[in-house]
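Residue numbers (our numbering): 1 to 206.
Below is one structure; the comments refer to it alone.
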Amino acid sequence: MSRLRIEQTQTLQMRQELRQILRIEQANLLEMPESEFHRLITEIEQSPLFKKLYQGEKLIHYQRFPRTDISSSFYQLKEEMVADRGSMDVESLLLNKEHIIRQIQKLGLEKFKRYFLFPESGMNLEEIARECGLDVSEVRKMNKLIDELSIMSEFYHPSNVTSGGIHYSKVASVEKDEKGFVIGYFSASVARGRYSIDYERFEELK
């Protein structure tokens, strides 16, 4: 009986310690600089396990928030999207990428959204290349460019609002489409929304 109580006490203690660890990890994520947070997302999405669960098993999906989209300025790749003075600018990032930019513009907005910005289909690189008439290497370069633009906190529009030495950056704008007003995010990773897990599919894989 005493042994059972000891085991129950140990189990409860382990659960409490685990909850505390999770709270610490969540706090670390919230305090993480925006550029590091986007870099972490990119590393996760490029990992073999994520690709297997997303493209292979189709266990993970992107779920966009209602009435949101990527800002039209993202697709246009305008130079005025630069933010802080003295920081790396968009022109430097796009240097020697004229061919990729032309390919993006040639694809058109709808295809670019469907296969690159909001890749909800879970298609692999070869399938995307075939559907878009591109080389696999070009698909990789487009994905890399999107990741780099999302990581750059300098890529977001600066705001004139300051408070106590704190400088703010705009992460979205209110834009109008054929159905009304939408929130247009400047970052592709934010515009994609949140991860959604198919738990029924997860049970099947056990």
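Virtual Cβ for every residue (Gly too), placed ideally from N, Cα, C.
Non-local C-beta neighbours of I100 in its own chain, meaning closer than 8 Å and more than five positions away in sequence, comprise E138, K141, M142 and L145, ordered along the chain. Between Q63 and R201, the C-beta gap is not smaller than 7 Å, which leaves the two residues out of contact. Beta-bridge analysis with DSSP links Y115 to no other residue. Here V136 is exposed: its Cβ has fewer than 16 other Cβ atoms, across all protein chains shown, within 10 Å. Take the alpha-carbon of E43 and the one of G56: they are about 18 Å apart. Taken through DSSP and simplified to helix, strand or coil, S173 comes out as strand. Taken atom to atom, the span from the alpha-carbon of E175 to that of L40 is near 29 Å.
For R102, the uninterrupted alpha helix (DSSP H) run begins and ends at E98 to L107, by DSSP.
Membership of S189 in the alpha helix (DSSP H) is indicated by the continuous run A188 to A191.
Looking only at F118, S196 and L29, the smallest Cα-Cα distance to S187 is reached by F118.
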